[in-house]
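Structure, as C-alpha cells:
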Amino acid sequence: MNLETVNELIASLESAGELSIKETKVMALAKAYQKLAAENAYLLNGAARELNTSWMFHKTMLGAQAALACLSLGRESAARNWLEGTTDEAGAEIPDDITVAGLQAWFDS
Numbered sequence: 217m218n219l220e221t222v223n224e225l226i227a228s229l230e231s232a233g234e235l236s237i238k239e240t241k242v243m244a245l246a247k248a249y250q251k252l253a254a255e256n257a258y259l260l261n262g263a264a265r266e267l268n269t270s271w272m273f274h275k276t277m278l279g280a281q282a283a284l285a286c287l288s289l290g291r292e293s294a295a296r297n298w299l300e301g302t303t304d305e306a307g308a309e310i311p312d313d314i315t316v317a318g319l320q321a322w323f324d325s
C-alpha cells in the first residue's frame, strides 16, 4: 500500500460518517502510516546530507594522506596537486596572495 492509497482510504473513512470499531482501528493505522511516511521523508533528506558530508570528509582525509606521502618523498608539486584536488569540491577559494599568518583569519571567516 502506498501513501496515495492511504490518503484515499483516510478521505473515504472521514466522509463515511460514524465509523465501526474496525474502521476506527484502520483509520488510526492509516494516520500512523501517514506520520511515519512524513518522518521517513524528513530523515531521508538528513541521511543524504550526512552521507555526502561523510564522503567529502573521507575524500579530504585521503587527499591529505596522499599529500603527506608526497611531501615525505620530496614531491612538493604532487602534494599541492593532491591538496588542491581535495579542496576543489569544497567550493572554498583561498586568495593567491594570502600569507601563512592570514590563513587562520581566512579559515575563521
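Position in the sequence shown (first residue = 1) + 216 = this note's numbering.
No residue lacks a Cβ here, since even glycine has one placed at the ideal position from N, Cα and C.
Would W298 be called buried (16 or more neighbouring beta carbons within 10 Å of its own) or exposed?
Here residue 298 is taken as the residue at index 82 of the sequence shown, counted from 1. It counts as buried.
Can you tell me where the alpha helix (DSSP H) holding T240 begins and where it ends?
Counting from one through the sequence shown, the residue named residue 240 turns up at place 24. Under the DSSP assignment, T240 falls in the alpha helix (DSSP H) whose first and last residues are 237 to 288.
Looking only at its own chain, which residues have a Cβ that is under 7 Å from the Cβ of A282, when we skip the five neighbours before and after it?
Start at 1 with the first residue of the sequence shown, and residue 282 comes out as number 66. Only W298 meet the Cβ criterion.
Which class does I296 belong to by DSSP, given the choice of helix, strand or coil?
Against the sequence shown, residue 296 aligns to sequence position 80. According to the sequence displayed, residue 296 carries Arg and not Ile. R296 falls in the helix class under three-state DSSP.
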